[in-house]
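What follows is a single structure, written as structure tokens, with notes after it.
There are 2 protein chains.
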Amino acid sequence: MTREALRPGRREEILKAAGELFGSRGYHATGMRELAQALELRGSSLYAHIEGKEELLWAIVDRAAAAFTAAADEVPDDLPPAERLERLITAHLRVIFRQLDHAAVFFQDWVHLSTERRREMVARRDEYQQRFRRAVEDGVADGSFQVEDPGVATLIVLSALNFSYQWYDAAGPLDPERLARAYARTLLDGLRSRHLAAAGGKE
Amino acid sequence: MTREALRPGRREEILKAAGELFGSRGYHATGMRELAQALELRGSSLYAHIEGKEELLWAIVDRAAAAFTAAADEVPDDLPPAERLERLITAHLRVIFRQLDHAAVFFQDWVHLSTERRREMVARRDEYQQRFRRAVEDGVADGSFQVEDPGVATLIVLSALNFSYQWYDAAGPLDPERLARAYARTLLDGLRSRHLAAAGGKE
DNA sequence: ATCGGACTAACGAACGGTCGTTCGTGTACC
DNA sequence: GGTACACGAACGACCGTTCGTTAGTCCGAT
Numbered sequence: 485m486t487r488e489a490l491r492p493g494r495r496e497e498i499l500k501a502a503g504e505l506f507g508s509r510g511y512h513a514t515g516m517r518e519l520a521q522a523l524e525l526r527g528s529s530l531y532a533h534i535e536g537k538e539e540l541l542w543a544i545v546d547r548a549a550a551a552f553t554a555a556a557d558e559v560p561d562d563l564p565p566a567e568r569l570e571r572l573i574t575a576h577l578r579v580i581f582r583q584l585d586h587a588a589v590f591f592q593d594w595v596h597l598s599t600e601r602r603r604e605m606v607a608r609r610d611e612y613q614q615r616f617r618r619a620v621e622d623g624v625a626d627g628s629f630q631v632e633d634p635g636v637a638t639l640i641v642l643s644a645l646n647f648s649y650q651w652y653d654a655a656g657p658l659d660p661e662r663l664a665r666a667y668a669r670t671l672l673d674g675l676r677s678r679h680l681a682a683a684g685g686k687e
Numbered sequence: 485m486t487r488e489a490l491r492p493g494r495r496e497e498i499l500k501a502a503g504e505l506f507g508s509r510g511y512h513a514t515g516m517r518e519l520a521q522a523l524e525l526r527g528s529s530l531y532a533h534i535e536g537k538e539e540l541l542w543a544i545v546d547r548a549a550a551a552f553t554a555a556a557d558e559v560p561d562d563l564p565p566a567e568r569l570e571r572l573i574t575a576h577l578r579v580i581f582r583q584l585d586h587a588a589v590f591f592q593d594w595v596h597l598s599t600e601r602r603r604e605m606v607a608r609r610d611e612y613q614q615r616f617r618r619a620v621e622d623g624v625a626d627g628s629f630q631v632e633d634p635g636v637a638t639l640i641v642l643s644a645l646n647f648s649y650q651w652y653d654a655a656g657p658l659d660p661e662r663l664a665r666a667y668a669r670t671l672l673d674g675l676r677s678r679h680l681a682a683a684g685g686k687e
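Going down the list, the sequences are from chains C and D.
Be aware that the first sequence starts at 485, since it is given in this note's numbering, and climbs by one per residue.
Be aware that the second sequence starts at 485, since it is given in this note's numbering, and climbs by one per residue.
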């Protein structure tokens, strides 16, 4: 009756394959028989290891969320705001780049969770977002950033980060660490105090 | 046999409802009967006005792509790079904010198009992206921008813009024009020549 | 004025197919 | 002889779509 942890490794393989399929084709566009086939199984055999399709989605989304949180936990709260935000940015991108499939599922399929689980994810996402926002606000307070609306600035930063799963290719020529630094530098500079309009702009 | 333009207005209503449903629930999570119900119809009645579900998706995605292209066409090619990129950014965001539903479908459901149509969209998207990239490269050439990789910088900018459909709320308090300006200012500053590290950062 | 017919638009029923899932069975291994 | 695991068959539900039919409307002819 309790249908979990029969063999420990099998469930992990299923999660991996589900991550790849959900990530590339999308949750609703992936059938259970299709998933089973990727593991050289029949659809019915999956249910000895998992509770159902939605639980599979939940496991992936939950892990991805946990990975983001864990990475942000490594960034000390008492760092100066600019450096703190820089580390939050690079940590966030590293999670995306390392687990592209899970990140894709996290960003594009979390809406298909059940109402209750979706509500929980929204809460955790908002909490996570607050860390970025606090870094931005602290930076405004100490003068290293200059933005009119810290909430908007936070959304701009996170948008830039989160869309990267759409085009980043782990097999491509871009080195993830260099990419993360480029991201951080560009975004940090975007928030930094504006000193002077260099060429004679009218504004 | 020719199943189009029976009544001109009806098809438009269907497209509107489909945009809202596909945009919020997703393409594969929306059934034709569900779409019909939103129009107070039965599923079978839709087929007097449309060819099929995928043609509906195509119509929406195609229009969204055309809207982006048309908006970018309004930006003169001979503007100085920084101003040109600024106008490209605000034009792009205006399209997203004005047609949130269609933008959502465009960004998250274009993958579900048929192979051929998907290929066409990729080509058009790449072409569109080139306009942003050219503005960035020209800005690097004339010294107004300073980035190590113009391709990456372009992707960062477009990522920041494109993810906005996920959180922007037309009914919310944020004024779209102010928001677009905040976006442009932040991103432009991120690309601009770096003058000096203001406070004594070690880097 | 009224009938007949063409046209528009929506309908119910049904098609073949696929969906996620359940269940009883078979089979290898300890 | 349990136990772990995979299987085929089947379930009810829903999918996108087709088709024959039925109303309603407009219009020219009677």
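In this text, a Cβ means the ideal position worked out from N, Cα and C, and glycines have one as well.
Any Cβ of chain D closer than 8 angstroms to the Cβ of Trp594(C) would place that residue at the interface, and such an atom is absent.
Between Thr670(C) and the set Asn646(D), Glu632(D), Asp653(D) and Trp651(D), the nearest pair of CA atoms involves Glu632(D). In the displayed model, Arg676(C) falls within a strand according to three-state DSSP. Phe629(D) has Arg676(D) as its beta-bridge partners, per DSSP. Taking a cut-off of 8 angstroms for Cβ pairs, the segment 638-646 of chain C and the segment 536-555 of chain C do not touch, as fewer than three such pairs fall below it.
By the criterion of a C-beta distance shorter than 6 angstroms, Trp594(D) is surrounded in its chain by Val545 and Met605, once the five residues flanking it on both sides are discounted. In this structure, Leu525(D) is the residue among Leu525(D), Gln583(D), Gly507(D) and Glu661(D) with its C-alpha nearest to the C-alpha of Arg494(D). Among the CB atoms of chain C, one or more fall inside 8 angstroms of the CB of Tyr667(D).
The beta carbons of Leu505(C) and Met516(C) sit about 10 angstroms from each other, so the pair does not count as a contact at 8 angstroms. Within the segment 491-516 of chain C, the complete alpha helix (DSSP H) segments at least 4 residues long are 492-509, listed from N- to C-terminus.
In the structure shown, Ile534(C) adopts coil according to DSSP, grouped into three states. Taking CB atoms only, Arg618(C) has no neighbour in chain D less than 8 angstroms away.
Around the Cβ of Thr599(C), a 10 Å sphere holds fewer than 16 other Cβ atoms; the residue is exposed. In this structure Arg578(C) touches Ala664(C) by the C-beta definition: roughly 6 angstroms separates them, less than 8 angstroms.
Excluding sequence positions up to five before and after Ala637(C), its CB lies within less than 7 angstroms of the CB of Val620, Val631 and Leu675, all in the same chain and listed in chain order. Secondary structure at Leu639(D): helix, using DSSP grouped into helix, strand and coil.
Sorting Gln521(D), Ala513(D) and Arg509(D) by C-alpha distance to the C-alpha of Glu497(D) places Gln521(D) at the top. Residue-level contact by beta carbon holds for Ser648(C) and chain D, with a gap shorter than 8 angstroms. In its chain, beyond the 5 residues on either side, Leu490, Arg494, Arg495 and Ile498 have a beta carbon closer than 7 angstroms to the beta carbon of His533(D). DSSP places Tyr667(D) within a helical segment (H, G or I) once states are collapsed to three. Against chain D, a Cβ distance below 8 angstroms from Glu600(C) picks out nothing, because the smallest value is about 18 angstroms. Taken through DSSP and simplified to helix, strand or coil, Val579(C) comes out as helix.
Excluding sequence positions up to five before and after Pro564(D), its CB lies less than 7 angstroms from no other CB in the same chain. Annotation: Gln650(D) is outside any alpha helix (DSSP H) and is labelled neither H nor E by DSSP.
Interface annotation, Glu632(D): in contact with chain C, CB-CB separation under 8 angstroms.
Within its own chain, no residue has a Cβ closer than 6 angstroms to the Cβ of Glu518(C) once the five positions on either side in sequence are excluded. Contact check for Val589(D) against Gly507(D) passes: the beta carbons are separated by less than 8 angstroms. Rounded to the nearest angstrom, the gap between the Cα atoms of Ala502(D) and Leu523(D) is 10 angstroms.
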